[in-house]
Structure formats: structure tokens, C-alpha cells
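Here the structure is laid out as C-alpha cells; the discussion comes afterwards.
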Amino acid sequence: MKLASLGDSRRGPAQIWNSAPQLAQIPPIAPASLVTPGARVVIVAPHPGDEVLACGGLLQSLSTLEHPLKLISITDGSASHPGSDVWPARRLSVVRPQESAEALRRLGMPLHSLKWIRGGFCDDALAASEAQLSQFIARYLQPGDVVFSTWRHDGNDDHDTVGRASAKACSLVGARLYELPIWAWHWPAREGAIIPWHRARKVRLDTWSVARKLHAAHAYASQLAGDPQIGLAPMLAQVLLERMREPYEIVFV
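Going by our numbering, the letters in the sequence shown line up with residues 80 to 332, in that order.
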């Protein structure tokens, strides 16, 4: 997760998503309807933990349906604490993959069979490598794959870039793409014309799935701890944890 400051005056209160009248009208969709039987599921996450924030509940459902799973982590998240002596990049490059493995275990993912690709791209620099990134993602896709990635208009540069690169890769290979909003829910201006409500579908989650997803998010200890010495707040802000309590996830089809 590469998160911007939620103290920014452009962002709304923690519960801003609940004020969108369109939200209640989003039709539900079953996970089995998103992925055809036997198809491989590929999650493309810009930063470690984005897969939990965006679709931790959906991942649990798809795992129980026994779809082959592949996770592509584009960056190692080592730039999440700039200027910190407590969490320098060299420490984070080791810790964050460990946190991801623990988060996936908490979600109940089959780590013995999960194919996990680590891209090694640099945080905050993906836009300059978009063409290369498209080719990188396409290398690990095959026709018929069902790909989930961040929405290309999510409002975070890395998320947007990975969304566009994933769309290009899917077009090249013949895979199907679904987009997942994360930051968009915390930008009130996006409530109107920017969010593609006609493409939105609601994946309902039971209480256990929500609890497991929150438990997985708390595996990211580095993201729950900022660095008070330099005034750096936790990267995994409370506003995001609050949203993860909602009994659904949104997918743009």
C-alpha cells in the first residue's frame, strides 16, 4: 500500500462513501459470476497490501471455489516511509514481503499453490515505466485469465498507472480485466460523474470474511506504525481500516 496523507484538505471524512446515493443501488454479483469455471485468477497489486484492501474478501471466496491464483506484486513497498531511520528502505524491502506472506496466510490463501510474482519496480515511479510495466504484466498472463487490478482513475499515481498497464496487458493477451477502487472512496468529488456507477457491482461479504480481511490487514505492522520522530503518520490510516469493515467490496466490470 502506498498511501497519501488523509489529512489532505481535499479528502472527505472517514465515512464519505456512505453519502453517495448511488452506492445503495449497485447491483450485487456473486464471485462465481465474475470468474468462469476453471479460469485462472490474477491479482495485480501496485504495492504490498493493496490486494487485501481492494479485494481481500473476494480473494477468500475465489480461493474456496478452487480457482488457480496468481498474485503480481509490482513494487516491494520500500518507499512507504521516506526519510525514516526507523523504517529505512533496506529494512522495508525485507519486512514488507514477510508481512504480505503473513497477510495471505491470514486470508486463508493456499500459499503452497499460489503463484507469487514480485516485480521489483520502484514506488512512486511507475508512471515513467508504464510501457515496460504493461509488457511485464503481459508476460505472466495467458488467454482466458481473469485479472483484478486497481482502477485506472483511483486517484493515486501508482494505482492509476497499474490500472492502465493491466488494461493494456489484458488487451494484448486476451485476458479479462476487472478494476478495483481503493482511494476513490475517499475523494468526495468522485462521487459524481467520475465514478462509473453503471459498471459497479457489489460483492457481498459475510461477517467472517470481513473479520479475516481486517486480521490480514493488521499483518502489515510497518504500515500501522509511522515515525513520530519525523512526524510521519501510519501509512495504513484508520480511515482505510474503517472502510474495510463494510460488508461488501466494489468491482468495476
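Virtual Cβ for every residue (Gly too), placed ideally from N, Cα, C.
Small disclaimer: the values here were computed from a predicted structure and weren't measured.
DSSP beta-bridge partners of residue i
i: T229; result: L259
i: S152; result: A124, R197
i: W107; result: The sequence given here has Pro at residue 107, not Trp. Partner(s): K281.
Residue i, buried or exposed, once every other Cβ within 10 Å from all chains shown has been counted against 16
i: D224; result: buried
i: E258; result: buried
i: V226; result: buried
i: S288; result: buried
i: P222; result: exposed
i: T115; result: exposed
i: I309; result: exposed
i: Q211; result: exposed
i: L315; result: buried
i: H277; result: exposed
i: Q177; result: exposed
i: H191; result: exposed
i: P189; result: exposed
i: S301; result: buried
i: E321; result: exposed
i: L298; result: Reading the sequence as shown, one finds Ala at residue 298 and not Leu. By the 10 Å Cβ count, A298 comes out buried.
i: L251; result: exposed
i: R89; result: Note that R89 scores a pLDDT of 32, beneath 50, so its modelled location is shaky and nothing firm can be said.
Same chain, Cβ closer than 6 Å to residue i, neighbours up to 5 away in sequence not counted
i: A133; result: L259, I261
i: R243; result: R231
i: V165; result: D306
i: R255; result: V225
i: A312; result: G305
i: Q101; result: W276
Close beta carbons around residue i, own chain, < 7 Å, minus the five adjacent residues each side
i: I274; result: A263
i: V332; result: Y257, R278, R280
i: L144; result: P110, A111
Range covered by the beta strand (DSSP E) that runs through residue i
i: E328; result: 327-331
i: A283; result: At residue 283 the sequence reads Arg, which differs from the Ala that was named. Element bounds for R283: 279-283.
Residue range of the alpha helix (DSSP H) that includes residue i
i: V289; result: 286-296
i: V318; result: 317-322
i: W308; result: Note that residue 308 is Gln in the sequence shown, not Trp. Looking at the DSSP string, Q308 is not in any alpha helix (DSSP H), and its letter there is neither H nor E.
i: V114; result: No alpha helix (DSSP H) holds V114; DSSP gives it neither H nor E.
i: L141; result: 129-143
i: R170; result: 168-186
i: I216; result: 209-218
i: R119; result: Here R119 belongs to no alpha helix (DSSP H), and DSSP marks it neither H nor E.
i: A300; result: 300-303
i: L102; result: Run containing L102: none; DSSP gives neither H nor E here.
i: G242; result: 236-252
Close Cβ partners of residue i (< 8 Å) along its chain, the five nearest in sequence each way excluded
i: L186; result: V131, G135, L138, Q139, S142, R291, K292, A295
i: T286; result: P326
Neighbour flag for residue i against chain B, beta carbons, 7 Å
i: G234; result: No chain B appears in this structure, which consists of one protein chain only.
Worksheet item: Within the chosen definition, does the region 234-250 reach the region 278-295 through at least 3 CB pairs nearer than 8 Å?
Response: They do not touch, by the three-pair rule.
Practice prompt. Flag this pair as touching only if the region 103-123 and the region 161-176 have three or more C-beta atom pairs under 8 Å; answer yes or no.
Written response: Touching, no, given that fewer than three Cβ pairs across the two stretches are closer than 8 Å.
Worksheet item: Counting Cβ pairs closer than 8 Å, one from the region 234-243 and one from the region 199-210, do we hit at least three?
Response: Yes, since at least three Cβ pairs between the region 234-243 and the region 199-210 fall closer than 8 Å, the two stretches touch.
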